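Novice: One structure, pasted below without further comment.
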Amino acid sequence: MDLDRTIDRFLASPSFSDATRRAYRSDLNEFADVLARKNATLENMDGRLLALYAAELGAARPGRQPSRLAERTIARKLAAVRGLIAFELGPAHVPELALKPRRSLHLPETPRPDEVDELLAASEGKGPLALRNRALLELVYSAGLRSAEAVGLDLADVDFENETVHVRGKGGKERVVPLGEEASAWTGRYLHDSRPKLARGAENAFFLSTSGRRLDTSTLRRLIRHPHRLRHAFATHLLEGGADLRVIQELLGHSSLSTTQVYSHVDARRLRRVYDRAHPRS
Numbered sequence: 022m023d024l025d026r027t028i029d030r031f032l033a034s035p036s037f038s039d040a041t042r043r044a045y046r047s048d049l050n051e052f053a054d055v056l057a058r059k060n061a062t063l064e065n066m067d068g069r070l071l072a073l074y075a076a077e078l079g080a081a082r083p084g085r086q087p088s089r090l091a092e093r094t095i096a097r098k099l100a101a102v103r104g105l106i107a108f109e110l111g112p113a114h115v116p117e118l119a120l121k122p123r124r125s126l127h128l129p130e131t132p133r134p135d136e137v138d139e140l141l142a143a144s145e146g147k148g149p150l151a152l153r154n155r156a157l158l159e160l161v162y163s164a165g166l167r168s169a170e171a172v173g174l175d176l177a178d179v180d181f182e183n184e185t186v187h188v189r190g191k192g193g194k195e196r197v198v199p200l201g202e203e204a205s206a207w208t209g210r211y212l213h214d215s216r217p218k219l220a221r222g223a224e225n226a227f228f229l230s231t232s233g234r235r236l237d238t239s240t241l242r243r244l245i246r247h248p249h250r251l252r253h254a255f256a257t258h259l260l261e262g263g264a265d266l267r268v269i270q271e272l273l274g275h276s277s278l279s280t281t282q283v284y285s286h287v288d289a290r291r292l293r294r295v296y297d298r299a300h301p302r303s
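Residue numbers (our numbering): 22 to 303.
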């Protein structure tokens, strides 16, 4: 079996986002090196070998930073390997071991509503770029967008009349989310006052760079160190305001409710407040 060719065919699936494809390629190239060191092949991969690989991933790495891989990183690497085995040999050949490590239930630090207000206000300034940046951040927070989803928006994706945003998410999944009042106001100003000054030709992207091309995610990371915090804030603030977890799942574009349940402790706090207000024996 030509493992490099197998990896190429596996990663050609349209169900993978570009970011997932890049991460999986690195993971699977690393895994191929491990197989070569152990003089093993994908075909004779069994539970024992996969368990040894998982143990290697979880082991300390002297002299390297970070000294241990994060649980989320280990889980992704194992998912890549198991996916490759299922793709090439069939699901029945995937070792039936609970190798996926438990993920920590805590969320990345989520800014409070007043902190989000300060962060957004800090992006204000003069000129077309400042207006674009404010509109971009407002939209990310208003719609709970991933960085790639925000910069991937086209002009037709923002519907001001119906106050919605059409989002193309991971794995080609699409969803429609509401457009908040503040985001609508800022993106409208950007389209009217800023985008025409940045446009160079017939580029269809909603957010443009100084060269008139579609933004990439690095621009968003320069504006805010961890842009995913705004997506977490979107979900957390909605839950604290009374939204249901399943509604949040739809808005975030999660295919499984279990992914959204990382916010369940927020929901539990909200339910406790409701109980304390409403129950006569609380």
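We put the beta carbon where it would ideally sit given N, CA and C, even for glycine.
On a predicted model such as this, the values are computed, not experimentally measured, just so you know.
Determine the DSSP secondary structure at E195, reduced to helix, strand or coil.
Specialist: Residue mapping note: residue 195 aligns to position 174 of the sequence shown, counting from 1. Residue state, collapsed to three classes: strand.
Novice: Using alpha carbons as the reference points, say which of D138, L152, H187, A101 lies closest to N29.
Specialist: Within the sequence shown, residue 29 is the residue found at index 8, counting from 1. Reading off the sequence, residue 29 comes out as Asp, not Asn. Ranking D138, L152, H187, A101 by Cα distance to D29 puts A101 first.
Novice: Out of curiosity, what's the CA-to-CA distance linking A264 and G201?
Specialist: Position 243 of the sequence shown, counted from the first residue, corresponds to residue 264. Position 180 of the sequence shown, counted from the first residue, corresponds to residue 201. Whole-angstrom Cα-Cα distance: 15 Å.
Novice: Helix or strand or just coil, what does DSSP make of T62?
Specialist: Numbered from its first residue, the sequence shown carries residue 62 at position 41. Correct three-state label for T62: coil.
Novice: By the DSSP assignment, the alpha helix (DSSP H) with V186 in it spans what residues?
Specialist: In the sequence shown, the residue the question calls residue 186 occupies position 165. No alpha helix (DSSP H) holds V186; the beta strand (DSSP E) holding it covers 185 to 189.
Novice: What are the start and end residues of the alpha helix (DSSP H) that includes L236?
Specialist: As a first step, residue 236 must be located in the sequence shown, where it is residue number 215. Looking at the DSSP string, L236 is not in any alpha helix (DSSP H), and its letter there is neither H nor E.
Novice: Should F52 be labelled buried (16 or more other beta-carbon atoms within 10 Å of its own) or exposed?
Specialist: The residue given as residue 52 occupies position 31 in the sequence shown. Buried, since its Cβ has 16 or more Cβ neighbours within 10 Å.
Novice: Provide the residue span of the alpha helix (DSSP H) that contains A204, from first to last.
Specialist: On the sequence shown, residue 204 is found 183 positions in, with the first residue counted as 1. Element bounds for A204: 202 to 210.
Novice: Could you say if the segment 183 to 192 and the segment 138 to 158 meet the contact criterion of at least three C-beta pairs nearer than 8 Å?
Specialist: Judged by Cβ distances under 8 Å, the segment 183 to 192 makes no contact with the segment 138 to 158, as fewer than three pairs qualify.
Novice: Quick one: residues in its chain with C-beta nearer than 7 Å to the C-beta of M66, no 5 flanking neighbours on either side, listed in chain order?
Specialist: Here residue 66 corresponds to residue number 45 of the sequence shown, with the count starting at 1. Excluding sequence neighbours, M66 sits near I106.
Novice: Can you check which of these residues, F228, E271, V172, N225, is closest to V198 by C-alpha distance?
Specialist: Numbered from its first residue, the sequence shown carries residue 198 at position 177. Ranking the options by Cα distance to V198, first place goes to E271.
Novice: Tell me which same chain residues have a C-beta within less than 7 Å of the C-beta of R216, skipping the five on either side of it?
Specialist: If you number the sequence shown from 1, residue 216 lands on position 195. For R216, where only same-chain residues beyond five positions count, the Cβ hits under 7 Å are L229.
Novice: For the alpha helix (DSSP H) containing T94, list its first residue and its last residue.
Specialist: For the purposes of this step, residue 94 is taken as the residue at position 73 of the sequence shown. First-last of the alpha helix (DSSP H) with T94: 92 to 110.
Novice: Tell me, please, which residues DSSP counts as bridged to V179.
Specialist: In the sequence shown, the residue the question calls residue 179 occupies position 158. Paired residues: V186.
Novice: Among A33, Y211, P83, R250, which has the Cα closest to the Cα of N154?
Specialist: Along the sequence shown, read from residue 1 onward, the residue named residue 154 stands at position 133. Cα-wise, what sits closest to N154 is Y211.
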